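Okay, so here's the structure we're looking at.
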DNA sequence: CTTTCTAATCGTAGCGCTACGATTAGTAGG
DNA sequence: CCTACTAATCGTAGCGCTACGATTAGAAAG
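Protein chains in written order, with the numbering used here: chain H, 72 to 386; chain X, 72 to 386.
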């Protein structure tokens, strides 16, 4: 920076000012400074700037996994919106491990971030105390309905489960199943299950639960569905914890010759692109805000009314 | 840090040393320091450390999109491997825009990163000169066969296209099509197409090309396939630029009553999880290193022999 | 108990920038 | 041409840490 100043024949302070608030520098010098920057290929040192101003343009985002369309879409949307606002994302990946989350929170906080986005409400006690000590904005996303640490952006998975249940009940289904990725990995799937189970119970129906051993895996989903139906042939409808599981279920139905939705209705979750192309088109749930989550505009929480509209009935 | 030092009754230098190389501090003081850190909830300021040492544990990764299983899996693998080595990923998303890539390179370099991972060989002239000036390791991934800026990790998409073509020719197919996401967005799909086209031409066959207008979209893939077959009913096999496009194609075949592979053979790319569950199981290509890309171990480039094994014939 | 070494600790000088008060240039009005 | 003001520029003191040479403590040997 001092080199730039020298070449432009101004003081380093002026260069710094030009970089931060260009319109407070006279146009004559601004031009000289810009020329010098270009000539020297000067790149400011963000860490020095961050240290001096004790701020940074970093926003940490911690998700359980990025190889899952929910979160990767969220990340992409966040990145796009925050980049235009001048921020950079530092992405952490917990792999569904609370201790890893704590470690990530620690390492992200050590960057003096401008904000931190977490997934869900479940954090270790130590994480919570770390976050309490920092006074940056904290956003908990992808869930809703509990008191958050600071801001909450999301929707209630419990309500989502209820709504799907009510939808099925309305269509005459009573004997149902919930086919899910592992609850330990996906605690929000568990919330959907609980809401689903409660609402089905209220309507006097039954729910059979089947959890995959690991991550979303279409082959295992198919196997699990087949065995479930063997055990519970009365089952009429299956709510799957995501569209990939539902895809696996649909292929298994075809393999077994079970027509959808006559023999078995299938409901997914996520409204992924391909769900409109399956045979028959998949009934699924579009998570609110999937397309346009813009956190900088503030909290966007969803009530059940909006949620209802999100059930894409296709089957 | 000075507070920690005071509480532990040592000098700040010792605290710093303890944090960086704990085994060079006597166990007596190490214990006192750790206690003080815990008591005060001390978090080191990474930016100050980075400034002082003019290093950082940041590794920038620039990808065209993260909502695409190829890249999100790569990111996840990278993140996992690099985190254990003490690095943090700063992820940038070009949205297939070269000028955005340049901007991202600039902003990542301003963090004094320990390394930078780029996707592919195509960078703006200015980006190249920026990168040339920095002396950090640069990795270009997801392609192979050209001279890179520094290190290259990937495989040749051209060869991949050839190999799929040869595979199809061996099975007696001559009249083929390439159904692709938009080449402007996915220049590697274009490389696969070129390799595919050349090899089919060598064998005396024909290739019809169809590009989607936007990103991978199963519905559009289906429509495009239908129209393509209307125009070219002689087509016997379709190589799709990724598994999602292939999935759309498979559903369209079923809709039209075209049996796979008798009426139309379909080949995907990516070996995504669901490809084993489709009916019939999808023939696809597993990108080498998909599962275990570990860049810290050095270059893993793939020759055609290895590539051949990666074609999962299932159909 | 002293000497001699090595291991552990400390002090100081930056790293490259920003914040902010001090200074100077520039402009309008008398 | 001077004064009074505002806008533009500058100088300096850190930000919180690390690197490294200087210093001291501790252990082993005589």
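All residues carry an ideal CB built from backbone N, CA and C; glycine is no exception.
It should be emphasised that the depicted structure is a prediction, and the values quoted were computed from it without experimental measurement.
Between residue 319 (chain X) and residue 284 (chain X), the CB-CB gap reaches or exceeds 8 Å.
Contact between residue 336 (chain H) and residue 215 (chain H) is absent: CB atoms are separated by about 27 Å, not below the 8 Å threshold.
Taken through DSSP and simplified to helix, strand or coil, residue 305 (chain X) comes out as coil.
Sequence-ordered contacts of the region 104-131 of chain H with chain X read 112, 114, 115, 116, 117, 118, 119, 121, 122, 127 [C-beta pairs closer than 8 Å]. Residues of the region 307-333 of chain X whose Cβ lies closer than 7 Å to any Cβ of chain H, in chain order: 315, 318, 319, 322, 325, 326. Listed along chain X, the residues sitting closer than 8 Å to residue 347 (chain H) by beta-carbon distance are 289, 290. For residue 160 (chain H), the neighbours in chain X by C-beta distance under 7 Å run, in chain order, 162. In the three-state reduction of the DSSP assignment, residue 248 (chain H) falls in the strand class, which pools E and B. The C-alpha of residue 211 (chain H) is placed about 7 Å away from the C-alpha of residue 219 (chain H). Per the coordinates, the alpha-carbon of residue 301 (chain X) lies some 15 Å from the alpha-carbon of residue 291 (chain X). Residue 332 (chain H) and residue 308 (chain H) have their C-alpha atoms spaced approximately 8 Å apart. Judged by beta-carbon spacing, residue 248 (chain H) lies beyond the 8 Å limit of residue 312 (chain H), meaning their Cβ atoms are not closer than that value. Here residue 79 (chain H) is buried: its Cβ has 16 or more other Cβ atoms, across all protein chains shown, within 10 Å.
For chain X, the residues of the region 176-196 of chain H that bring a beta carbon within less than 9 Å of one of its beta carbons are 177, 178, 179, 180, 181, 182, 183, in chain order.
For residue 102 (chain H), no CB of chain X lies under 8 Å from its own CB, so it is not counted at the interface with that chain. The DSSP-derived three-state label of residue 159 (chain X) is strand. DSSP, read as helix, strand or coil, puts residue 166 (chain H) in coil.
Following the DSSP letters along the chain, one finds residue 285 (chain X) in no alpha helix (DSSP H), marked with neither H nor E.
When only Cα atoms are considered, residue 129 (chain H) and residue 159 (chain H) end up about 5 Å apart. In the same chain as residue 269 (chain H), and ignoring 5 residues on each side of it, the C-beta atoms closer than 7 Å to its own belong to 233, in chain order.
By a beta-carbon distance limit of 8 Å, residue 175 (chain X) contacts residue 163 (chain X). Their separation comes to about 4 Å. In terms of beta-carbon proximity, residue 170 (chain X) stays away from the interface with chain H, with every pair separated by 8 Å or more. Among the CB atoms of chain H, none fall inside 8 Å of the CB of residue 165 (chain X).
Distance from the CA atom of residue 170 (chain X) to the CA atom of residue 255 (chain H), rounded to whole angstroms, is 42 Å. Per DSSP, the unbroken alpha helix (DSSP H) holding residue 104 (chain X) starts and ends at 98-111. The way I'd put it, the region 88-105 of chain X doesn't touch the region 135-144 of chain X; fewer than three beta-carbon pairs between them come closer than 8 Å. Below the 8 Å Cβ cutoff, chain H contributes 287, 288, 289, 290, 315 as neighbours of residue 344 (chain X), in chain order. For residue 252 (chain X), there are no neighbours in chain H by C-beta distance under 9 Å, as the nearest C-beta there is about 12 Å away.
Boundaries cannot be given for residue 243 (chain X), as no beta strand (DSSP E) includes it and DSSP labels it neither H nor E. Residue 224 (chain X): not part of any alpha helix (DSSP H); member of the beta strand (DSSP E) spanning 222-224, first to last residue. Judged by DSSP in its simplified three-state form, residue 346 (chain H) adopts helix.
Distance from the CA of residue 279 (chain H) to the CA of residue 272 (chain H), rounded to the nearest whole angstrom, comes to 11 Å. In the three-state scheme derived from DSSP, where H, G and I count as helix and E and B as strand, residue 212 (chain X) is classed as strand.
Taken through DSSP and simplified to helix, strand or coil, residue 336 (chain X) comes out as strand.
With a cutoff of 8 Å on beta-carbon distance, residue 240 (chain H) and residue 276 (chain H) are scored as near each other. Residue-level contact check: residue 341 (chain H) does not touch chain X, since none of the beta carbons of chain X fall below 8 Å from its beta carbon.
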